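What follows is a single structure, written as structure tokens, with notes after it.
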Amino acid sequence: MTRTQRTSPLQAAALAAALAAALGCLSGCAAEKADAVGGSGASRTRNGIDISKRVDVVLYMLGDAPKDLGLIQDEVNRMAVEELNCTVSFRYTTWSDYMQRYNLLLSSGQAIDLIFTSEWLNYNQFAQKGAFSDLDALLPKCAPDLYAFVADDYWDAVKVNGHIYTIPATWREYVNEGFLYREDLRRKYALPVPDSLANVEAYLEGVKRREPYRNITSEIVIDNGYGPSFSATSVLYMKYAWAELFMPYGLRADYDDPDAIGAYWGSADFTADMKMFKRWSDKGFWTRSALSNKNPINELFIDGYSVAVLSGLNPVKYSHALSLMKSKDPNVEIGYYPYCRTSGLVRPVHPIHNGFAIPMSAKNPERALMLYEKLVLDKRYNWLTQYGIEGKHYRLDADGYYEMIGDADSNGFTHESMNGWAWRNPGIMLFDRRYRVALDLFKEFDAYAKPDIYFGFVEDYSSYQAERAALYQVQSQYLVPIQAGMVEDVDAAVKEFMARANLAGLPKIQAEYSRQWLAYCRDRGLD
Numbered sequence: 002m003t004r005t006q007r008t009s010p011l012q013a014a015a016l017a018a019a020l021a022a023a024l025g026c027l028s029g030c031a032a033e034k035a036d037a038v039g040g041s042g043a044s045r046t047r048n049g050i051d052i053s054k055r056v057d058v059v060l061y062m063l064g065d066a067p068k069d070l071g072l073i074q075d076e077v078n079r080m081a082v083e084e085l086n087c088t089v090s091f092r093y094t095t096w097s098d099y100m101q102r103y104n105l106l107l108s109s110g111q112a113i114d115l116i117f118t119s120e121w122l123n124y125n126q127f128a129q130k131g132a133f134s135d136l137d138a139l140l141p142k143c144a145p146d147l148y149a150f151v152a153d154d155y156w157d158a159v160k161v162n163g164h165i166y167t168i169p170a171t172w173r174e175y176v177n178e179g180f181l182y183r184e185d186l187r188r189k190y191a192l193p194v195p196d197s198l199a200n201v202e203a204y205l206e207g208v209k210r211r212e213p214y215r216n217i218t219s220e221i222v223i224d225n226g227y228g229p230s231f232s233a234t235s236v237l238y239m240k241y242a243w244a245e246l247f248m249p250y251g252l253r254a255d256y257d258d259p260d261a262i263g264a265y266w267g268s269a270d271f272t273a274d275m276k277m278f279k280r281w282s283d284k285g286f287w288t289r290s291a292l293s294n295k296n297p298i299n300e301l302f303i304d305g306y307s308v309a310v311l312s313g314l315n316p317v318k319y320s321h322a323l324s325l326m327k328s329k330d331p332n333v334e335i336g337y338y339p340y341c342r343t344s345g346l347v348r349p350v351h352p353i354h355n356g357f358a359i360p361m362s363a364k365n366p367e368r369a370l371m372l373y374e375k376l377v378l379d380k381r382y383n384w385l386t387q388y389g390i391e392g393k394h395y396r397l398d399a400d401g402y403y404e405m406i407g408d409a410d411s412n413g414f415t416h417e418s419m420n421g422w423a424w425r426n427p428g429i430m431l432f433d434r435r436y437r438v439a440l441d442l443f444k445e446f447d448a449y450a451k452p453d454i455y456f457g458f459v460e461d462y463s464s465y466q467a468e469r470a471a472l473y474q475v476q477s478q479y480l481v482p483i484q485a486g487m488v489e490d491v492d493a494a495v496k497e498f499m500a501r502a503n504l505a506g507l508p509k510i511q512a513e514y515s516r517q518w519l520a521y522c523r524d525r526g527l528d
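Counting the sequence shown from 1 gives a position; our numbering is that position plus 1.
Written out as structure tokens, the structure is:
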């Protein structure tokens, strides 16, 4: 990884933004050589902190590990031992039951030095409960260049009760979902563009009718921390412009009138939506095994086991899917329709979306921050953990664009396969040429994007924790089969679900959550 970076047109503007941090890193590296001298047993400091004792930093990621993780970890450790007197152990939750695993990691007291955080992993709630270390004093002391690199408004955005508990990513992006489908099959059978729920259904039905042997989708049961749900319900992003599509506990609030919070579960809209999913299930858009399927949806699509992804992909993942599919089967054409194009509501990602925190169980918080600073700001660490080993996993073309070596099966470390989304650095990122489709979508979204008004809300469920746990079980047993269309009578099933939910304490939960939400709206001037 010693060759000089060739700057692509997409990178040129971003490089200027990172120049000051890069210069700071260069001066820091020079100081490091003078500040940190000697082996594991010698007196050794960095930023005035004693690093004489060699330690192993345990870093937890979301998802599944890439095949060549061991090679990458060895290369990182070779540099980290010399420069920080530490090693790192990269560990993963897997995508199967990731929410339960994540909760267990943070509640068990297991020694973890760095862990991924996001709003979809309930960062605010975990921070409020004391799961993460306060970084206010540690950051400027242990990672001063990183602290300076992240803009003040980003630090402010991730604060909980006035304190920093996570290190946010600095790359502005959109992660709204879109419908991924086989465009070649749409053209082949003259099917409509899936720009509405009716046309999504027509597309899926048209492929199923002409190729009945095919699996149409590979949807699964997912868990967002508030309870399980069927992944196909993400298609409702196309229909509703709510402040948060899946506000918990069956509540909803329109973006343009957020303090008019009301119930979605049990409403006429809810029943109509569930009847649509029942119809889709009866038409064979997913199999009966969907409720027990644990296989990654996107991988099954790339491998040809399905023709659409209802749960949706964000623009970056879509561009990545284009690259993987080209390497897998260049004759297959992928289509993509962002749900927000129909609903009219899109929001840029909040800084909370990708971050890394230091759990209270961390044994090596200072060294963890030093290492994380390297992952973000040092191109050697960053490129290695984002793209792999140059010449083995990727090459740069004449214009400085990323090119994967081999295909998705033979390449052991594809673009960003380590899931290091949080340490993307806009000034040194490498882009595949197909990434232009994501940037074009970002430009489209910029034209009608609205600020996110939901992510600043922090729920306090201490007064209804028991009811919340009971409701979780009701959702698993009664709601998920309804969402997957695997019930005989939707009206009867909805009636039973609502009765069970009410017995579990749903009215109490909804009333208290609504009270907190309305107070938040008043404080933010949203009423």
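Glycine is no exception: its CB is placed at the ideal position from the N, C-alpha and C atoms. A quick note: this is a predicted structure, and the numbers were derived from the prediction, not measured.
Contact between Met419 and Pro145 is ruled out by a C-beta separation of about 26 Å, above the 8 Å threshold. When Tyr124, Leu70 and Lys444 are compared, the shortest CA-CA separation from Asp461 is found for Tyr124. When DSSP states are grouped into helix, strand and coil, Thr234 belongs to the helix group. Using a Cβ distance threshold of 8 Å, Lys240 and Val491 do not count as a contacting pair.
The straight-line gap separating the alpha-carbon atoms of Leu140 and Ala358 is approximately 11 Å.
For Leu70, the closest alpha carbon among the candidates Met100, Phe414 and Thr343 is that of Phe414. In the DSSP assignment, Pro339 is bridged to Gly179. Per the C-alpha coordinates, the member of Trp266, Trp156 and Tyr175 positioned closest to Trp422 is Tyr175. The stretch 310 to 317 makes no contact with the stretch 151 to 171: fewer than 3 CB pairs, one atom from each, lie closer than 8 Å. Judged by DSSP secondary structure, Phe117 falls outside any alpha helix (DSSP H) and instead within the beta strand (DSSP E) spanning Leu115 to Thr118. With contacts defined as CB atoms closer than 8 Å, Phe133 and Pro360 qualify as a contacting pair.
Taking a C-beta distance under 8 Å as the contact criterion, Thr218 and Ala233 qualify as a contact pair. Around the beta carbon of Pro331, fewer than 16 other beta carbons lie within 10 angstroms, which makes this residue exposed. Annotated as proximal: Ala112 and Val59, with beta-carbon spacing under 8 Å. About 7 Å separates the beta carbon of Glu120 from that of His351, a gap short enough to meet the 8 Å contact definition. Nearest to Ala505 by C-alpha distance, out of Ile483, Glu468 and Asp524, is Glu468.
Asn296 sits exposed, since fewer than 16 C-beta atoms from the chains shown fall within 10 Å of its C-beta.
Using a Cβ distance threshold of 8 Å, Glu220 and Ala264 do not count as a contacting pair. Gln74 is positioned such that its CB atom lies no closer than 8 Å to that of Val56. Between the C-alpha atoms of Ile52 and Tyr103 there is a straight-line separation of about 30 Å. Excluding residues up to 5 positions away in sequence, Glu367, Leu370 and Met371 lie with their Cβ nearer than 6 Å to the Cβ of Cys143 in the same chain.
Runs of the beta strand (DSSP E) spanning 3 or more residues and lying entirely within the stretch 299 to 387 occur at 309 to 314, 335 to 339 and 356 to 358, in chain order. Ala291 carries a helical assignment under DSSP once its states are collapsed to helix, strand and coil.
Going by C-alpha positions, Cys341 is about 8 Å away from Glu178.
With fewer than 16 other beta carbons inside 10 angstroms of its own, Ser109 counts as exposed. Only buried fits Lys279, as 16 or more other CB atoms lie within 10 angstroms of its CB. CA-CA distance, Phe458 to Trp518, rounds to 7 Å. Around Lys509, the same chain offers Tyr465 and Glu468 as residues with beta carbons nearer than 8 Å, after the five sequence neighbours per side are excluded.
When the five nearest sequence neighbours on each side are left out, the beta carbons in the same chain lying within less than 6 Å of the beta carbon of Trp287 are those of Thr218 and Glu220, in order along the chain. Burial check for Gly526: the Cβ neighbour count within 10 Å stays below 16, so the residue is exposed. Counting C-beta pairs closer than 8 Å gives three or more between the stretch 422 to 436 and the stretch 388 to 405, which meets the contact rule. The Cβ atoms of Glu184 and Glu334 sit closer than 8 Å to each other.
Taking the Cβ atoms as the reference, Tyr227 lies roughly 12 Å from Gln511, outside the contact range of under 8 Å. If you keep only unbroken alpha helix (DSSP H) runs of at least 4 residues inside the stretch 73 to 146, you get 99 to 108, 124 to 129 and 139 to 143.
Per DSSP, Ile262 has no beta-bridge partner at all. Residue environment for Gln478: exposed (fewer than 16 other C-beta atoms within 10 angstroms of its C-beta).
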